[in-house]
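First comes the structure, then the notes that go with it.
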Amino acid sequence: MNSVPLVPLSELIAASLGAVNPAKTPDEVFDLYSIPAFDRGRPDVLPGRAIGSTKQIVRPGDVLLSKIVPHIRRSWVVGQAQGRRLIASGEWIVFRSERIHPDYLKHVLIGDAFRVQFMRTVAGVGGSLLRARPPQVAKIAIPLPGLSEQRRIADMLDRVGAALVKRRAALAQIEEFCRALYLDLVGDPATNPRAWPVLPLGKVTQCLDRDRKPVKEELRLHGAVPYYGANGQQGWIDHALFDEPLVLVAEDGGYFETPERGVAYRIDGPSWVNNHAHVLRPFADKVDIEFLHRALRHYDFRPYISGTTRSKLTQAQMSAAPIIVPPLERQHDFAHQMSVANALIRAQHASLADMGRLFASLQYVALGEGLWSSRDDPYKADAMA
149 MNSVPLVPLS
159 ELIAASLGAV
169 NPAKTPDEVF
179 DLYSIPAFDR
189 GRPDVLPGRA
199 IGSTKQIVRP
209 GDVLLSKIVP
219 HIRRSWVVGQ
229 AQGRRLIASG
239 EWIVFRSERI
249 HPDYLKHVLI
259 GDAFRVQFMR
269 TVAGVGGSLL
279 RARPPQVAKI
289 AIPLPGLSEQ
299 RRIADMLDRV
309 GAALVKRRAA
319 LAQIEEFCRA
329 LYLDLVGDPA
339 TNPRAWPVLP
349 LGKVTQCLDR
359 DRKPVKEELR
369 LHGAVPYYGA
379 NGQQGWIDHA
389 LFDEPLVLVA
399 EDGGYFETPE
409 RGVAYRIDGP
419 SWVNNHAHVL
429 RPFADKVDIE
439 FLHRALRHYD
449 FRPYISGTTR
459 SKLTQAQMSA
469 APIIVPPLER
479 QHDFAHQMSV
489 ANALIRAQHA
499 SLADMGRLFA
509 SLQYVALGEG
519 LWSSRDDPYK
529 ADAMA
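With this note's numbering applied, the sequence shown corresponds to residues 149 to 533, in that order.
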């Protein structure tokens, strides 16, 4: 890709989108591309009366890039119209150009090289309000080969991506089995049919949030210690803050609106945790750690979260959330049952990691990321002006 030009995104951003207030046509049904809809994997189909504010009008093939919660990679290609108007929330930057193959641009926007530059455009007053600034994003230049080469690259990455999707689906099935085992133990958490004790989370765990520490990606010294955030591992670092089995619960940036995706996870061994995840150590005389993990993994924290622009679960709110606490012997039996499932989960995660590395390598070569990062970056000089 040595002859591939670098093109600033300003040349690809949709110049004039138009807007619509769906409330003015309350009976009209729209396809709404929003951040929560992206996390669910499909646009919402809603009548105008159910949509709260003015939205951007988009077209099939437009490419969307989320400017909020920028550490989560979100890029979406608008699908074909199904007889309804297509609209998008204002959290998206919209790209539209005859020079781009939509799937190629989507891959670029979620790639590592773009993300390094994208995160430099971020501004805000803390994790819950961070967002990318579109005028600065527009200055980022990306490799843009001809359309036929873009299609070839997108098709290759899509094939590997599809294999990753299948592997994640297998992992999701195992997770569903684990959820079923948990519900078999406690019954419906809403009704507690076994009449077991219900205790606030703060009574069965110690919160270690005071010991966590965020480190910007560019300041982390690469090592063998996992670096964790709201939704899992975010990278690596050279030394640990913790070295024990713990349960992490998202504080902000978590999937609170879609708890089936998981809002808590377990970690073991040396680790570093940033300030987007609460850190819980179970009281061994009250709860087994694997039981705690499964009790919280899909917990519906929505009644306990706050924040208007970004959902946040404070330590106090989390500690007040109730959980069912069966006898310890039953919890330990449950953990023993879970050991086989957890071995399968670890094997699936290892396979996903290998495939992820393959995908990253293909991205590096196919998207010209080595070329991209080796050239002068026109964005660097004035992005923060």
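Idealized CB from N, CA, C, for every residue including glycine.
Exercise. If we count Cβ pairs, one from each stretch, closer than 8 Å, do we get three or more for the region 314-325 versus the region 416-432?
Worked result: Here the region 314-325 does not lie against the region 416-432, with fewer than 3 beta-carbon pairs under 8 Å apart.
For this session: Can you give me the Cβ contacts of Y403 inside the same chain, cut-off strictly under 8 Å, excluding the 5 residues immediately before and after it?
Result: Position 255 of the sequence shown, counting from 1, holds the residue named residue 403. Same-chain partners within the cutoff: D187, N379, R409, G410, V411.
For this session: To the nearest angstrom, report how far apart A443 and Y330 are at their CA atoms.
Result: Position 295 of the sequence shown, counting from 1, holds the residue named residue 443. Position 182 of the sequence shown, counting from 1, holds the residue named residue 330. Their backbone Cα atoms lie some 7 Å apart in a straight line.
For this session: Closer than 8 Å by C-beta to K215: which residues in its own chain qualify, once you throw out the five before and the five after it? Chain order, please.
Result: Looking up residue 215 in the sequence shown gives position 67. So the list reads E239, W240, I241, R279, A280, R281, P282, V285, once near-sequence residues are dropped.
Problem set entry | Three or more C-beta pairs below 8 Å linking the region 452-469 and the region 497-513 | Below 8 Å, too few C-beta pairs join the region 452-469 and the region 497-513 to call them touching: fewer than three.
Exercise. Under a Cβ-count criterion, where at least 16 other Cβ atoms within 10 Å of its own Cβ denotes burial, should R268 be classed as buried or exposed?
Worked result: The count along the sequence shown starts at 1 and reaches residue 268 at position 120. Classification of R268: buried, given that the 10 Å Cβ count is 16 or more.
Problem set entry | Inter-stretch contact (C-beta, 8 Å, three-pair minimum) for the region 323-340 and the region 184-199 | With a cut-off of 8 Å on Cβ pairs, the region 323-340 is not in contact with the region 184-199, counting fewer than three such pairs.
Exercise. Of all the options F266, V264, P218, G196, which has the alpha carbon lying nearest to the alpha carbon of A236?
Worked result: Locating residue 236 in the sequence shown gives position 88, where the first residue counts as 1. Nearest C-alpha to A236: G196.
Exercise. Would you call the CB atoms of A372 and V397 closer than 9 Å?
Worked result: To locate residue 372, count along the sequence shown from 1; it is residue 224. To locate residue 397, count along the sequence shown from 1; it is residue 249. At least 9 Å separates the beta-carbon of A372 from that of V397.
Exercise. Going along the chain, which residues of its own chain have a beta-carbon closer than 7 Å to the beta-carbon of I290, five neighbours each way excluded?
Worked result: To locate residue 290, count along the sequence shown from 1; it is residue 142. Excluding sequence neighbours, I290 sits near L154, V155, L157, V256, F262.
For this session: Could you tell me which residues DSSP pairs with L535 in its beta bridges?
Result: The structure shown does not extend to residue 535, since the chain spans only 149 to 533, so no value can be given for it.
Exercise. Mind checking P451: buried by the 16 CB within 10 Å criterion, or exposed?
Worked result: In the sequence shown, residue 451 corresponds to position 303, counting from 1. P451 should be labelled exposed.
Exercise. Count the other CB atoms within 10 Å of the CB of G142; is the residue buried (16 or more) or exposed (fewer)?
Worked result: In the structure displayed, the chain extends from 149 to 533; residue 142 sits before or after that span and is not available.
Exercise. Do E392 and D416 have their CB atoms nearer than 9 Å?
Worked result: By one-based count along the sequence shown, residue 392 stands at place 244. By one-based count along the sequence shown, residue 416 stands at place 268. Contact flag set, yes.
Exercise. What is the DSSP secondary structure of F534, reduced to helix, strand or coil?
Worked result: In the structure as shown, the chain starts at 149 and stops at 533, and residue 534 therefore has no counterpart that could be examined.
Exercise. Got a sec? Which residues, its chain only, sit under 6 Å from L312 by beta carbon, not counting five neighbours each side?
Worked result: Start at 1 with the first residue of the sequence shown, and residue 312 comes out as number 164. Same-chain partners within the cutoff: M503.
For this session: Determine, using beta carbons only, whether L253 and P191 come nearer to each other than 9 Å.
Result: Walking along the sequence shown from the start, residue 253 turns up at place 105. Walking along the sequence shown from the start, residue 191 turns up at place 43. When the beta-carbon positions are compared, L253 and P191 stay at least 9 Å from each other.
For this session: Under the assumption that L349 contacts A469 (Cβ atoms under 8 Å), give the Cβ distance between them as a whole number of angstroms.
Result: Your numbering for residue 349 matches position 201 in the sequence shown. Your numbering for residue 469 matches position 321 in the sequence shown. That pair is a contact at about 5 Å.
Exercise. Does the Cβ of P250 have 16 or more other Cβ atoms within 10 Å, making it buried, or fewer, making it exposed?
Worked result: Mapped onto the sequence shown, residue 250 falls at position 102. Taking every protein chain shown into account, the CB of P250 has 16 or more other CB atoms within 10 angstroms, so this residue is buried.
Problem set entry | 7 Å Cβ shell around G383 - same chain, five flanking residues per side excluded | If you number the sequence shown from 1, residue 383 lands on position 235. Only residues of its own chain outside the window of five on either side were considered, and among them E365, R368, Y375 have a CB closer than 7 Å to the CB of G383, listed in chain order.
Problem set entry | Residue burial classification, S164 (beta-carbon count within 10 angstroms, cutoff 16) | In the sequence shown, counting from the first residue as 1, residue 164 sits at position 16. Around the CB of S164, fewer than 16 other CB atoms lie within 10 Å, so the residue is classed as exposed.
Problem set entry | Exposed unless 16 or more other CB atoms sit within 10 angstroms - verdict on D303 | By 1-based counting over the sequence shown, the position of residue 303 is 155. So D303 ends up on the exposed side.
For this session: Please report the Cβ distance between V217 and V193, rounded to the nearest whole angstrom; I am assuming they are in contact, meaning their Cβ atoms lie under 8 Å.
Result: The residue labelled residue 217 in the question sits at position 69 within the sequence shown. The residue labelled residue 193 in the question sits at position 45 within the sequence shown. Under the criterion of beta carbons closer than 8 Å, V217 and V193 do not qualify as touching, at roughly 24 Å.
For this session: Report yes if the CB atom of H219 is closer than 9 Å to the CB atom of G401, and no otherwise.
Result: Start at 1 with the first residue of the sequence shown, and residue 219 comes out as number 71. Start at 1 with the first residue of the sequence shown, and residue 401 comes out as number 253. Yes. Within cutoff.
Problem set entry | Euclidean distance between Cα positions of S245 and A162 | To locate residue 245, count along the sequence shown from 1; it is residue 97. To locate residue 162, count along the sequence shown from 1; it is residue 14. Linking S245 to A162 through their CA atoms gives a straight-line distance of about 7 Å.
Problem set entry | Residue(s) in a DSSP beta bridge with S223 | Taking the sequence shown and counting its residues from 1, the one referred to as residue 223 is at position 75. Residue pairing by DSSP puts S223 in a beta bridge opposite L213.
For this session: Figure out for me which residue from L500, P362, P337, P174 has the closest Cα to the Cα of G200.
Result: Along the sequence shown, read from residue 1 onward, the residue named residue 200 stands at position 52. Of L500, P362, P337, P174, the residue nearest in Cα terms is P174.
Problem set entry | C-beta atoms of I472 and R342 nearer than 9 Å | For the purposes of this step, residue 472 is taken as residue 324 along the sequence shown, with counting starting at 1. For the purposes of this step, residue 342 is taken as residue 194 along the sequence shown, with counting starting at 1. Taking the C-beta atoms as reference points, R342 is found nearer than 9 Å to I472.
Exercise. Going by the CB atoms, is the gap between H497 and D436 shorter than 9 Å?
Worked result: Here residue 436 corresponds to residue number 288 of the sequence shown, with the count starting at 1. Here residue 497 corresponds to residue number 349 of the sequence shown, with the count starting at 1. Not in contact: D436 and H497 (Cβ atoms no closer than 9 Å).
For this session: Give the secondary structure of Q228 by DSSP, where H, G and I count as helix, E and B as strand, and everything else as coil.
Result: Stepping through the sequence shown from its first residue, residue 228 is reached at position 80. Three-state result, Q228: coil.
Problem set entry | Inter-residue CB distance, V225 and R207 (contact presumed, cutoff 8 Å) | On the sequence shown, position 77 is the one that residue 225 refers to. On the sequence shown, position 59 is the one that residue 207 refers to. V225 to R207, Cβ: 11 Å. No contact.
Exercise. In three-state terms, what does DSSP make of Y452?
Worked result: Position 304 of the sequence shown holds residue 452. Annotated three-state conformation of Y452 is helix, per DSSP.
For this session: Could you work out which residue in A495, N423, D332, L333 is closest to C355 when comparing CA atoms only?
Result: The residue labelled residue 355 in the question sits at position 207 within the sequence shown. Nearest C-alpha to C355: N423.
Problem set entry | Coil, strand or helix - A529 by DSSP | Here residue 529 is taken as the residue at index 381 of the sequence shown, counted from 1. Only weak support is given to the placement of A529: the predicted model assigns it a pLDDT of 32, under 50, and the value that follows is read from those uncertain coordinates. Per DSSP, reduced to three states, the secondary structure at A529 is coil, with no helix or strand assignment.
Problem set entry | When Q265, E297, P293, Q298 are compared against K287, the one with the closest alpha-carbon | The residue you call residue 287 lines up with position 139 of the sequence shown. Comparing Cα-Cα distances from K287 to each of Q265, E297, P293, Q298, the minimum goes to Q265.
Exercise. Terminal residues of the continuous beta strand (DSSP E) containing L292?
Worked result: Position 144 of the sequence shown, counted from the first residue, corresponds to residue 292. That residue, L292, is in no beta strand (DSSP E); it is neither H nor E in DSSP.
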